[in-house]
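>
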Amino acid sequence: MTRSMRMVVLVIGVAFVGTALVWAALYMPGFGGDWHPYRDHAAAAALAHATANVVSSVNFDQRALDTFGEESILLGAVVGVAVLLRPVEGERRRKPKNTGHVLDSTRLLVVLAAPVALILGIDVVAHGAITPGGGFQGGVILATGLHLLYVGGRYSAFDRLRPLGLFSQAESIGVIAFAAIAASGLAAGGAWLANFVQHGTLAQLASSGTVPLLSGAVGLAVTGSMVVLVAHFLEQRLLVWPPRSEESASAKGDEGEERI
Amino acid sequence: MTAEVLAGALMPAVIIAPIGVACVLLCLSRWLDRPFVDAIAFLAAVAVSVANGTLLAMSQQQRLVVWLGGWTPRHGLSVGIALVGDQFSLGVALVASVLMSCALAFSWRYFTDIHTHYHALMLLFLAGMTGFALAGDMFTMFVFFELMGVVAYALTAVKVEEPSAVHGAINFGIINSLGAYVTLMGIGMLYASTGQLNLAQLSRALAQHGADPLVVIGFVAVATGFLVKAAVVPFHFWLDDAHAVAPTPVCVLFSGIMVELGIYGVARLYWIGFSGTLAAGQIARMFVVMGIATALIGSVMCLLQRHLKRLLAYSTIAHTGLFLIAIGSFDPVATGGIAIYVIGHAAIKSVLFLTAGIVLNRYGSVDEFTLRGRGKDARAVGVVFMLAGLALAGLPPFAVGLGKGIGDEGLLSAGFGWGPLLFLVISALTGGAVLRAGARIFLGIGRAPRGVEQEGMTGDEEHREIATGLNHLPWTMAAPLFGLLGAGAAVGLIPGLGSQVVQAAERFIDRSGYLAAVLNGSATYSHVVTPVAGWSAEGIMWCFGSVIAAIAVAGFALYAPLLPRVITAAAGSLRGVERGLRSIHSGHVGDYAVWLLIGVGAAMALALFPA
Amino acid sequence: MTVYPYVVAAVILLLGVIGIARSRNLVHAVVCLAVAQSATYVLLISIGYQHGGVAPIFSSSSTAPKHMVDPVMQALTLTDIVVSATVTSLLLALTIQIAKQHDTVDPDELRSLRG
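Chains as they are written, first to last, in the working numbering: chain H, 2 to 261; chain A, 96 to 706; chain Y, 536 to 650.
1) Quick one: residues in its chain with C-beta nearer than 7 Å to the C-beta of residue 260 of chain H, no 5 flanking neighbours on either side, listed in chain order?
2) DSSP on residue 178 of chain A, reduced to helix/strand/coil?
3) What in chain A is Cβ-close to residue 90 of chain H, meaning under 9 Å?
4) Determine whether the Cβ of residue 642 of chain Y lies closer than 8 Å to any Cβ atom of chain A.
5) Can you give me the start and stop residues for the alpha helix (DSSP H) that residue 104 of chain H sits inside?
6) Can you tell me which of the three DSSP states residue 87 of chain H falls into?
7) Report the rounded CA-to-CA distance for residue 252 of chain H versus residue 683 of chain A, giving the unit in angstroms.
8) Determine the direct distance from the alpha carbon of residue 154 of chain H to that of residue 105 of chain H, and round the result to whole angstroms.
9) Any residues in the segment 302-313 of chain A with a beta carbon nearer than 8 Å to a beta carbon of chain Y? Which ones, in chain order?
10) What does residue 271 of chain A pair with, by DSSP beta-bridge criteria?
11) Residues of the segment 557-570 of chain Y with a CB closer than 8 Å to any CB of chain A: list them in chain order, please.
12) Applying the criterion that 16 or more other CB atoms from any shown protein chain within 10 Å of the CB defines a buried residue, is residue 602 of chain A buried or exposed?
13) Could you tell me which uninterrupted alpha helix (DSSP H) segments, each at least 4 residues in length, are contained entirely in the segment 372-460 of chain A, listed from first to last along the chain?
14) Alpha carbon to alpha carbon, how far is residue 699 of chain A from residue 554 of chain A?
15) I want to verify the contact list: residues of chain H whose CB lies under 7 Å from the CB of residue 549 of chain Y, in sequence order.
16) Output, in sequence order along the chain, the residues in the segment 143-168 of chain A whose CB is closer than 8 Å to any CB in chain H.
17) Can you tell me where the beta strand (DSSP E) with residue 516 of chain A in it begins and where it stops?
18) From which residue to which residue does the beta strand (DSSP E) around residue 162 of chain A run?
19) Quick check: what's the CA-CA separation for residue 171 of chain H versus residue 231 of chain H?
20) In three-state terms, what does DSSP make of residue 592 of chain Y?
21) Rounded to whole angstroms, what is the Cα-Cα separation between residue 556 of chain A and residue 513 of chain A?
22) Could you tell me which residues DSSP puts in a beta bridge with residue 619 of chain A?
23) Rounding to the nearest angstrom, what Cα-Cα distance links residue 558 of chain A and residue 634 of chain Y in this structure?
24) Based on the DSSP output, what are the partners of residue 585 of chain Y in its beta bridges?
25) Determine, using beta carbons only, whether residue 252 of chain H comes closer than 8 Å to chain Y.
26) For a quick check, are the C-beta atoms of residue 141 of chain H and residue 2 of chain H less than 8 Å apart?
27) For my contact list, residue 266 of chain A and residue 336 of chain A are in at a C-beta cut-off of 8 Å; report their separation, rounded to the angstrom.
28) With a cut-off of 8 Å on the beta carbons, I'd call residue 319 of chain A and residue 274 of chain A a contact; round off their distance for me.
29) Ends of the alpha helix (DSSP H) at residue 217 of chain A?
30) Checking contacts by CB at 8 Å: is residue 234 of chain A closer than that to chain Y?
31) Go ahead and label residue 712 of chain A buried or exposed: buried means 16 or more other beta carbons lie within 10 angstroms of its beta carbon, across all protein chains shown.
32) Would residue 692 of chain A pass as an interface residue toward chain Y - the criterion being a Cβ-Cβ separation below 8 Å?
33) What separation, rounded to the nearest whole angstrom, lies between the Cα atoms of residue 181 of chain A and residue 157 of chain A?
34) Whose C-beta lies closer than 6 Å to the C-beta of residue 52 of chain H among residues of the same chain, with five residues either side of it excluded?
35) Less than 8 Å between the beta carbons of residue 638 of chain A and residue 496 of chain A, yes or no?
36) Would you call the CB atoms of residue 591 of chain A and residue 504 of chain A closer than 8 Å?
Here's what the structure looks like:
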């Protein structure tokens, strides 16, 4: 279709769907209302299992299969990116050029912020059942905290601090741990993903049964996944694309001088 | 061990175990040799198939309901996630796992450079399909739908060195994801009005809430993602792109079961969630109109292709249209017939794709014209291809014919008198296209392309997936090929299968039975008198009719230059239509997104306005 | 207006689709897809909101559930965000490969799939 035809068809489509969605919105319960039946049941169930953070209870206790599915989506995407960004014929990995300059203030900020970020990440994962947070949020903080080291230093140094094999294993082990806890639920509690560990008292670190355990497993998997994911993209900056012509070869030669 | 306990152990296992095995393979990839990886993945798929078969056998007596985490309902309400195994959902899961086993066997030596990643992706794909089939909760369906999607995008683009592969994959990714996000909007809308995510609880809440425009629009929104997956017009553009470029084992899974899962999802959503609330006439109209459009456009585009895999993709789209029409008739006999048709189609379409893969590996091309006559030395493969083409057109005793016959019966009794004729025409057109391609490639009939036949995507740019050489068909490729062909025939010959599947269809559409099983624990099926269904004289007549019509279509296409001028001139006047259709299927993702909007709008209009 | 947030969600979804339709760069198209998904976040969170509601965390057993905002919607949004991030990353990886194979990321210039 030509561009103008596409715009015409687009206008028609937007008109139809927009009208329908706005019409449907008129029948929705008003914003900010207080009728939330699922919330009432979910909060009561969270309290029954001594979980202070109801969102974590929903994610890791009541609807844990959705969380497992989501973790496997993350795993699938990372494996997919590994497959898609694999080196193909004619590509080779050059050595990172350690030119460029990092401001001293940046280095100082990184030295201060990176440990804080890592500790904060572990805290968010561990207290998933008590405070806002959990495996996913904490895992992302941990992965990003690690990459502060890349911001504040050279790629080659960062590469040494980030053994990719270890993080790939962490990713898979996190998912296996989740599945293992789920299976233990079957063995000890009579149903897959049953919360079979002692529930403990509300708002204590050792409460909510399996919720902190699953949160930890997810945190491990997400940290591993995110680090591996960003690593694949960073590596693409190092690969030489097979030069298709003289101009593009020289253009890419210039790019190589940039700090990476 | 009672059925409930065994089901409670097995049903979540068939979803969780493949993911676990995939992770183990990824962990150990450095130390495992390729044959081990292939064997472990294949055995995992076979184990899942056995488990699914066991569960299917158990589901003959009662619905199998598993509440994960032990969150069984109290006073008919639960906060947990339910997995529901009735004969249809477990049947679909079984077909998925059997096809996955065949695909993994076929790909025994494929993709040596990505090692375990391919197997991990395939096992995750299996888990996604199984989870989608068994889920009894709308959001769980969405999560496993996205799992299927994400892994499918990666699998489509596995051949990263082919420009068309990555292009097809990104079209697939953007359009499928858009559909999924529209589904999520619908789930949100329905949650807002009922406060429920579980399908049974939603159904009960909706019955109390009554039908208002929000419910209808919410239903269409949720159905959109599933219809995109099912490649219903105008959401179908991604399928022909993805099939043309994906590796052969992956195409087997796409056409064999992934697309059919979309139809299953829509049917399940309607029957359990909405049949107690929405006016049936308007929804039926939506399904039937979209189904007819899909069937017609799919079969016409199928005839216009010279790229073998793209031709097969369009034939899948055409058949999806037929499935949707039968679902839209809301008749249990038609639904049962379509279930058998889906099983037969899965087997036969897989055979056709596997043959296309073998042809690609032997001759380096999937272009019908480039390969003209080259296939004369591959006699066994040629016979299989032609037989599969005839089976696709409805040749008895293949299950496709049985399903079509029962489906025709159901459509007639539901008042769709034109149903059998449309089924015959579509089967003839798609079967004829396959027979034409087979005759050109394996028999060398027909001359060089001229004029209109030269247009269309050429199949010369596909790379070999694995070098098999010219004289040797590895047994890992031959076994799934002949096995699936035999299965397609065997299923059609099982005595009493027709009646059993129609009975399963009755149970599938039984909304109150499902609600009772999920919410109150009374899992036994209510007794319904089921009509006897199977091979009938009328059905066999229609089958042979479509086979003969398919041969006629193939003959017309092959010998067109020899026919009287009058006929060819009449066909030539349709050139404008053909050019228009070709220009719409442009490969441009912006076009596809625009058509998705039009489709959503049209579906909403069809469902909203009083019949 | 009590339905304003829902209308905003619908507008964001349509803006995302318009972006994809008008896009001249696949990176832009993938980001527009992420924009379309953020419409679902807006919808889910605004469905769960309650005027005067507190965060769904029990500080002691005496907190009444009736004053919390909807935790289920927040849990769904969390899942949704992870799904979006993963899909976006996969599609961006595809875009990189398209740039390598086709020397362009303009959908108008991608001609390998037609008819």
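Beta carbons are placed, not taken as given, at the ideal position from N, Cα and C, and that holds for glycine.
Straight from the coordinates:
1) Because the pLDDT at residue 260 of chain H is just 38, under 50, the model does not fix this residue reliably, and the point stays unresolved.
2) Residue 178 of chain A falls in the strand class under three-state DSSP.
3) What residue 90 of chain H touches in chain A: 256.
4) For residue 642 of chain Y, the answer is yes, since a Cβ of chain A falls inside 8 Å of its Cβ.
5) Note, residue 104 of chain H: premise wrong, no alpha helix (DSSP H); not H, not E.
6) Three-state DSSP puts residue 87 of chain H in coil, outside helix and strand.
7) Caution is warranted here: a pLDDT of 44 is assigned to residue 252 of chain H, below 50, making its placement in the model unreliable, and no coordinate value can be reported.
8) Distance between the alpha carbons of residue 105 of chain H and residue 154 of chain H is about 10 Å.
9) The residues in question: there are none.
10) Bridge partners of residue 271 of chain A: none, in fact.
11) Per Cβ criterion, the list reads 557, 558, 561, 564, 565 and 568.
12) Residue 602 of chain A should be labelled buried.
13) For the segment 372-460 of chain A, whole alpha helix (DSSP H) runs of length 4 or above, ordered along the chain, are 375-398, 403-423 and 427-458.
14) Going by the C-alpha atoms only, they are around 38 Å apart.
15) Contact annotation for residue 549 of chain Y against chain H: 15, 18 and 19 [CB-CB distance below 7 Å, chain order].
16) Only those residues of the segment 143-168 of chain A whose C-beta falls short of 8 Å from the nearest C-beta of chain H are listed: 161, 162, 163, 164, 165 and 166.
17) Segment 514-533 is the alpha helix (DSSP H) holding residue 516 of chain A; no beta strand (DSSP E) there.
18) From DSSP, the beta strand (DSSP E) with residue 162 of chain A extends over 159-162.
19) Rounded to whole angstroms, residue 171 of chain H to residue 231 of chain H spans 15 Å at the Cα level.
20) Residue 592 of chain Y falls in the strand class under three-state DSSP.
21) Taking the straight line from one Cα to the other gives about 41 Å.
22) According to DSSP, residue 619 of chain A bridges with A:157.
23) If you take the alpha carbons of residue 558 of chain A and residue 634 of chain Y, they lie about 20 Å apart.
24) Here residue 585 of chain Y is bridged, per DSSP, to H:33.
25) Residue placement at residue 252 of chain H is flagged as unreliable, the pLDDT there being 44, under the threshold of 50; a coordinate-derived value is accordingly withheld.
26) No, they are not a contact pair.
27) Between residue 266 of chain A and residue 336 of chain A the beta-carbon gap is near 5 Å, inside 8 Å, which marks them as a contact.
28) The beta carbons of residue 319 of chain A and residue 274 of chain A sit about 6 Å from each other, so the pair counts as a contact at 8 Å.
29) Here the alpha helix (DSSP H) through residue 217 of chain A covers 211-229.
30) Interface annotation, residue 234 of chain A: in contact with chain Y, CB-CB separation under 8 Å.
31) Since the first residue shown for chain A is 96 and the last is 706, residue 712 of chain A is missing from the structure and cannot be characterised.
32) Judged by the 8 Å Cβ criterion, residue 692 of chain A is in contact with chain Y.
33) Cα to Cα, residue 181 of chain A sits roughly 8 Å from residue 157 of chain A.
34) For residue 52 of chain H, where only same-chain residues beyond five positions count, the Cβ hits under 6 Å are 58, 130, 209 and 212.
35) It is a contact, given that the beta carbons lie within the stated cut-off.
36) No.
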